[in-house]
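What follows is a single structure, written as structure tokens, with notes after it.
Numbering (UniProt numbering), first residue to last: 1 to 189.
What follows is the structure, given as structure tokens:
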């Protein structure tokens, strides 16, 4: 048995002290001779990986942008041109201006609403809008949704927080902006 271990030890010594250093030297010499080609191939592989990552990120962003837009809106805006009343864009601008003024005076904190802030919210909730009998269904649906959010704003209480009122006002302003964008695109046709 000791002979076996002696033979095994001599093979490990031969392999570790003779074969490995020679193989490492030859590998380094080969890499040195072909270093330009190897670095060029590595640069091409890195450029390909980076390019694929950029294209993939662009596709993900494009899908995310497409997903935010309802497909019903795209079809409806191409096929139907709504009849737009002239005073509505002015009223939407006035509503958004009133909301901006209120948001400028209201902190976005978790404190309860003061009587002045409740009065501001109710003033916005009672903003006058005409009925629109001659618009397309999608436009009327979005218009009624805006009016519904304004009606829901009438029910603010002193137990509500400024943050909740702030978020409701921001959503109403965004809906008015979207509705205004539809009006502008419909009027420009």
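Don't be surprised by glycine CBs; every beta carbon is placed ideally from N, CA and C.
In this text the structure is predicted, and so the values were computed from the model without any measurement.
Whole-angstrom distance between residue j and residue i, CA atom to CA atom
| i | j | result |
| --- | --- | --- |
| residue 116 | residue 54 | 51 Å |
| residue 11 | residue 26 | 21 Å |
| residue 111 | residue 48 | 54 Å |
| residue 24 | residue 52 | 35 Å |
| residue 99 | residue 61 | 31 Å |
| residue 29 | residue 43 | 21 Å |
| residue 18 | residue 36 | 29 Å |
| residue 5 | residue 33 | 41 Å |
| residue 59 | residue 101 | 39 Å |
| residue 20 | residue 9 | 15 Å |
| residue 75 | residue 63 | Below a pLDDT of 50, predicted positions are generally treated as unreliable, and residue 75, at 46, falls in that range; no measurement from the model is reported. |
| residue 131 | residue 97 | 21 Å |
| residue 136 | residue 57 | 37 Å |
| residue 162 | residue 45 | 54 Å |
| residue 1 | residue 16 | 23 Å |
| residue 93 | residue 180 | 8 Å |
| residue 118 | residue 127 | 14 Å |
| residue 158 | residue 65 | 38 Å |
| residue 80 | residue 104 | Low confidence applies here, because residue 80 scores a pLDDT of 48, under 50, leaving its location unreliable; read the following figure in that light. Answer to the nearest angstrom: the Cα atoms are 38 Å apart. |
| residue 50 | residue 3 | 57 Å |
Short Cβ contact (8 Å threshold) for residue i with residue j
| i | j | result |
| --- | --- | --- |
| residue 160 | residue 113 | yes |
| residue 125 | residue 151 | yes |
| residue 176 | residue 88 | no |
| residue 129 | residue 90 | no |
Buried versus exposed, by CB contacts within 10 Å (16 or more), residue i
| i | result |
| --- | --- |
| residue 139 | buried |
| residue 38 | exposed |
| residue 108 | exposed |
| residue 193 | Any property of residue 193 remains undetermined from this structure, which presents the chain solely from 1 to 189. |
| residue 13 | exposed |
| residue 120 | buried |
| residue 174 | exposed |
| residue 156 | buried |
| residue 106 | buried |
| residue 7 | exposed |
| residue 22 | exposed |
| residue 31 | exposed |
8 Å contact criterion, which residue i and residue j should meet: CB distance rounded
| i | j | result |
| --- | --- | --- |
| residue 194 | residue 149 | Any answer about residue 194 is impossible in this case: the structure gives the chain only from 1 up to 189. |
| residue 153 | residue 168 | 6 Å |
is_contact[residue i, chain C] using C-beta, thresh 8 Å
| i | result |
| --- | --- |
| residue 59 | Absent here is chain C; the protein component of the structure consists of one chain. |
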